[in-house]
Amino acid sequence: MNAISIKNLKKTYATGVHALKGVSLEIPSGDFFGLLGPNGAGKTTLIGIISGLVNKTSGNVSVAGFDIDKNPENGRMTIGVVPQEFNLSIFEKVFDIVVDQAGYYGVPRKKAFVSAEKYLRALGLWEKRDQKAIALSGGMKRRLMIARALIHEPQILILDEPTAGVDVELRRGMWDFLTKLNSEGVTIILTTHYLEEAERLAKQLAIIDHGEIIEKGSVKELVKKLDIQPFAFDLEKRITAETLSHLREFDARALDEDTIEVRLPKNRSVNDVFHAFDRGEIRVKNMRTSANRLEELFLNLTKKS
Amino acid sequence: MSAEKLWICFYTIVRKEIIRIFRVWTQTFVPPVITTTLYFLIFGNLIGSQIEAMNGVSYVEFIVPGLILMSVLTNSFQSSAIAFFMAKFQKSIEEILVSPTPPWIIVAGYVTGGVVRGVITGVLVYLVSLVFAPVSLSHIGSVISFFLLTSIFFATLGLINGVYAKNFDQISIIPTFVLTPLTYLGGVFYSISLLPPLWEGLSKLNPILYMVNGFRYGLLGTSDVPIGGSALFLFIITACALWLVFRLVKKGTGLRA
């Protein structure tokens, strides 16, 4: 069964902005789904419609098999939402925020106390349970919103840029937490600007731009669509004009005095590059991909669209 | 949702609201008590002692029902208006909007929160009034009906204001420019039989007049208007206001883009 099924979804705001221009998307249950797109692409609008914060103009959306027009309450029961912007009652205590959220889903308070402890501990907030939300740091507030979204044990967790503005250590911690959650069967839908995050976490991806899905598929399938992949090589000696001439066929350029970047077409192998190095008697100390593969694809696609 | 789950949703909204009201008790309960104490002292005791009996009761007794109801309506309105607007302002209203809590429970929860504050304030003001004029309850049914219906009506109006308000100014415009003038002209401090015919007729267009007089009948057994008609009128406008705010919340006016 699909966790989310969207058909020809359109949204035009009162300002006349066409935020979504006929989006169709199916997200299978248990997936870790990444939704990528530049600012203003329509990601937050799409998530807003799924979660009940934005009214759609036309089209159909089903959540866990429930049509959001016919059974909005049943659909919402299955979703937990972590929005992009902080939307906490800042004068409430951490524990109360999470327990009250359970109440809005009809979870009895005693049961909510147990779940609140479980998720606040899992997200490192148990010690802060008696503090008011206003006193928390940005990272803590974001984790609090995750705990709040999970309190009713949803089948689907939607996160709108959850790691925006979060430091590296915390971001990795969140990745581990979300991966574990997904392995326990929770469908996760994540929008992000961090392409590394999408490549690392998501099983399936969709790229949205100007209100339209311009590409979708598994990460592997999407990366395969890359025509060219850049690699960087650290050389033992300084780069000269002669060095570059040996690698002309790979569109080589110097990144600094001893690092060279080559752009490898899809129909060529890395061995071909090494043969070129051998021919020029150029010694390589180290090599790496010089750009995130997904980033490359993302830029290509959004530029085209 | 099952009845038990609906009850939990409702209880959660009301509980949160009651905690908020008591957390800021110096802003919610103290000001109306001080204000009405001053009214009783100045208008009731000092000036009132110089005024003849009105509708067969002393002036200080005459103003007790109006002052109680004035506190009830003002506080019921402010409570739901501020609570809902603050939730919108902080975006914490999204906590409820993404949940399966149905619109009628959201309305019921916020209105009940407003009613709780209105009722507590009304009781406090009644207790203060006993110091100045030991008013008994002549018709308990009328007291309870007008007390509760007024509170529900104004809590609902406050919620409508909260739904439409886009900034803090819009929360204070209605109380300042509509509620206060209507309350003062609604027979709190005088009997409309004292007014010239034109003003007496115009006063009868003011819904607060019927609430004040219905409540006054319950406490003192005297009224400028028919009680049965007033109760029915109040019931109808309350039902209309509730229906309107339910439609607004269901549609997502001021809530969903």
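Going down the list, the sequences are from chains C and S.
Residue numbering for the first sequence follows this note's numbering, starting at 5 and increasing by one per position.
Residue numbering for the second sequence follows this note's numbering, starting at 16 and increasing by one per position.
By construction, the Cβ of each residue, glycine as well, lies at the ideal position given by its N, Cα and C atoms.
Asked, Found
"Restricting to Cα atoms, I'd like to know which of 69/C, 37/C, 266/C, 175/C is closest to residue 222/C.", "37/C"
"In this structure, how does DSSP classify residue 213/C when only helix, strand and coil are distinguished?", "strand"
"Ignoring anything shorter than 3 residues, give me the beta strand (DSSP E) runs that lie fully in the segment 214–266 of chain C, in order along the chain.", "216–222, 232–239, 257–260"
"When the Cβ atoms of the segment 80–87 of chain S are set against those of the segment 198–216 of chain S, are three or more pairs found closer than 8 Å?", "yes"
"Tell me which same chain residues have a C-beta within less than 6 Å of the C-beta of residue 33/C, skipping the five on either side of it?", "5, 7, 191"
"From the DSSP output, read off the bridge partner residues of residue 72/S.", "69/S"
"Taking any Cβ of chain S, which residues in the segment 132–162 of chain C have a Cβ under 7 Å from it, in chain order?", "none"
"Less than 8 Å between the beta carbons of residue 217/C and residue 193/C, yes or no?", "no"
"In this structure, what does DSSP give as the bridge partners for residue 22/C?", "16/C"
"To the nearest angstrom, how far is the alpha carbon of residue 182/S from that of residue 129/S?", "20 Å"
"Is the segment 129–139 of chain S in contact with the segment 158–172 of chain S, if contact means three or more CB pairs nearer than 8 Å?", "yes"
"Please confirm if residue 260/S has its CB atom under 8 Å from at least one CB of chain C.", "no"
"For a test of the three-state rule: what should DSSP assign to residue 122/S, helix, strand or coil?", "helix"
"According to DSSP, simplified to helix, strand and coil, what is residue 208/C?", "strand"
"Using a C-beta to C-beta distance shorter than 8 Å, which residues of chain C count as neighbours of residue 43/S?", "Under the 8 Å cutoff, chain C gives no residues; its nearest Cβ is about 14 Å from residue 43/S."
"Identify the contact partners of residue 87/C in chain S, using a Cβ-Cβ distance below 7 Å as the criterion.", "109"
"Determine the contact status of residue 135/S and residue 121/S, defining contact as a CB-CB distance below 8 Å.", "no"
"Suppose you measure from the CA of residue 248/S to the CA of residue 76/C; what does that come to, to the nearest Å?", "36 Å"
"Is residue 254/S close to chain C, meaning its C-beta is less than 8 Å from at least one C-beta of that chain?", "no"
"Just tell me which of 183/C, 244/C, 219/C has its CA closest to the CA of residue 206/C.", "183/C"
"Measuring only between beta-carbons, confirm whether residue 105/S sits less than 8 Å from chain C.", "yes"
"Could you tell me whether the Cβ of residue 124/C comes closer than 8 Å to any Cβ of chain S?", "no"
"May I have the straight-line CA-CA distance separating residue 102/S from residue 180/S, to the nearest angstrom?", "12 Å"
"Return the residue from the list 204/C, 168/C, 86/C that minimises the CA-CA distance to residue 227/C.", "204/C"
"Runs of 4 residues minimum, wholly inside the segment 128–178 of chain C: which ones carry the alpha helix (DSSP H) assignment?", "142–154"
"Give the secondary structure of residue 231/S by DSSP, where H, G and I count as helix, E and B as strand, and everything else as coil.", "helix"
"For residue 283/C, count the other beta carbons within 10 Å of its own beta carbon; 16 or more makes it buried, fewer makes it exposed. Which is it?", "exposed"
"By Cβ distance, which residues of its chain are closer than 6 Å to residue 88/S, with the 5 residues on each side in sequence left out?", "165, 169"
"Given that residue 104/C touches chain S, what residues does it touch there, using C-beta distances under 9 Å?", "27, 28, 30, 31, 110"
"Taking the CB atoms as reference points, tell me whether residue 248/C and residue 258/C lie closer together than 8 Å.", "yes"
"Do the segment 70–90 of chain C and the segment 149–169 of chain C meet, that is, are 3 or more Cβ pairs less than 8 Å apart?", "yes"
"Closer than 8 Å, CB to CB, is residue 190/C near chain S or not?", "no"
"Report all residues from its chain with a CB closer than 6 Å to the CB of residue 46/C; omit the five preceding and five following residues, and keep chain order.", "23, 24, 212, 215"
"Determine the closest residue to residue 109/C out of 78/C, 132/C, 144/C, with distance taken between C-alpha atoms.", "78/C"
"In whole angstroms, what is the alpha-carbon distance linking residue 142/S and residue 208/S?", "29 Å"
"What residue range does the beta strand (DSSP E) around residue 290/C cover?", "288–293"
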